[in-house]
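Sequential numbering of the sequence shown, starting at 374, is according to this note's numbering.
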Amino acid sequence: MNLALFDLDNTLIAGDSDVEWPRFLIKQGLLDADVYHARNDAFYEQYKAGTLDIHEFLEFALTPLARFDRARLDALHAQYMEEHIKPIIPQKARDLLAAHKADGDVVMIITATNRFVTGPIARELGVEHLIAVELEEDGDGNFTGRPTGVPSFQSGKITRLEAWLAERGESLASYDKVFFYSDSRNDLPLLEKVTHPVAVDPDDVLRATATERGWPVITLRD
374 MNLALFDLDN TLIAGDSDVE WPRFLIKQGL LDADVYHARN DAFYEQYKAG TLDIHEFLEF
434 ALTPLARFDR ARLDALHAQY MEEHIKPIIP QKARDLLAAH KADGDVVMII TATNRFVTGP
494 IARELGVEHL IAVELEEDGD GNFTGRPTGV PSFQSGKITR LEAWLAERGE SLASYDKVFF
554 YSDSRNDLPL LEKVTHPVAV DPDDVLRATA TERGWPVITL RD
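Structure, rendered in structure tokens:
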């Protein structure tokens, strides 16, 4: 049996769901455009450069979730999916996921974006297993604006994946092949750990690394 791991943002979707969510809220008049565009863009540049402080970013990114109850957030997310996410899901990404499922592989999305944003995207893509940043909830099931546990970012993806596998009584060695598809230099720790790393529409650092090491480089963009 094989395990097929997929990054989400700029890999399975042609954009970044963690960038698109505040852009959507700004469009709805729910966030201050001047403040959030500037800070969100600055964090995204740090992410692309491999210098992002994930805890600082999460403090910024998760705070708006605490402003609304879950019913309101879920309604907003449904609109966000239609307007911002479904239009940037390439058919090639759906086809690749379908091919792995047809082969009987265990398929997972492993992302540094939070579960509230990414859970419905994983469902849209038909992916059962998801590792994402987990969110703290209050007694009424509303978000506090704080994360819980280890963020699934850089080496944190390895920590979270190994914990998930251990819960199943498995390890990476339990699988004949372990694929990991990613676009980002931030995923090099996990790419270096799997048997079949694949660079997908990669950034410059990952492209250079993949070329040097003979990893496949593919595109999922239509």
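Just so it is clear, CB atoms sit at the ideal spot from N, CA and C, and this is done for glycine as well.
Segment limits, alpha helix (DSSP H) that includes residue i
i: Thr532; result: 528-540
i: His428; result: 427-435
i: Gly492; result: 488-497
i: Ala583; result: 577-586
i: Glu543; result: Per DSSP, Glu543 belongs to no alpha helix (DSSP H) and is neither H nor E.
i: Val392; result: 390-400
Supposed close pair residue i, residue j - CB separation, criterion 8 Å
i: Val506; j: Asn487; result: 4 Å
Extent of the continuous beta strand (DSSP E) to which residue i belongs
i: Leu404; result: Run containing Leu404: none; DSSP gives neither H nor E here.
i: His457; result: Segment: none, His457 is in no beta strand (DSSP E) and carries neither H nor E.
i: Glu565; result: No beta strand (DSSP E) contains Glu565, which DSSP labels as neither H nor E.
i: Ala377; result: 375-379
Which residues DSSP lists as bridging residue i, in chain order
i: Ser555; result: Ala572
i: Arg507; result: The sequence shown places Glu at residue 507, not Arg. Glu507 pairs with Thr521.
Status (buried if at least 16 other CB within 10 Å, exposed otherwise) for residue i
i: Met454; result: buried
i: Ser555; result: buried
i: Arg445; result: exposed
i: Gln452; result: exposed
i: Thr521; result: exposed
Spell out a yes or no on whether the segment 518-538 and the segment 547-566 are touching, meaning 3 or more CB-CB pairs, one atom from each, closer than 8 Å. Touching, per the Cβ criterion.
The segment 512-526 contacting the segment 426-441, beta-carbon criterion three pairs below 8 Å: Yes, they touch.
Decide yes or no for the touch test of the segment 534-548 against the segment 454-463: beta carbon pairs closer than 8 Å, at least 3 of them. No, they do not touch.
Determine contact between the segment 389-407 and the segment 577-589, defined as no fewer than three beta-carbon pairs at a distance below 8 Å. No, because fewer than three Cβ pairs between the segment 389-407 and the segment 577-589 fall closer than 8 Å, the two stretches do not touch.
Would you call the segment 481-498 and the segment 382-399 touching, i.e. three or more CB-CB distances under 8 Å? The answer is yes - the segment 382-399 touches the segment 481-498, with three or more Cβ pairs under 8 Å.
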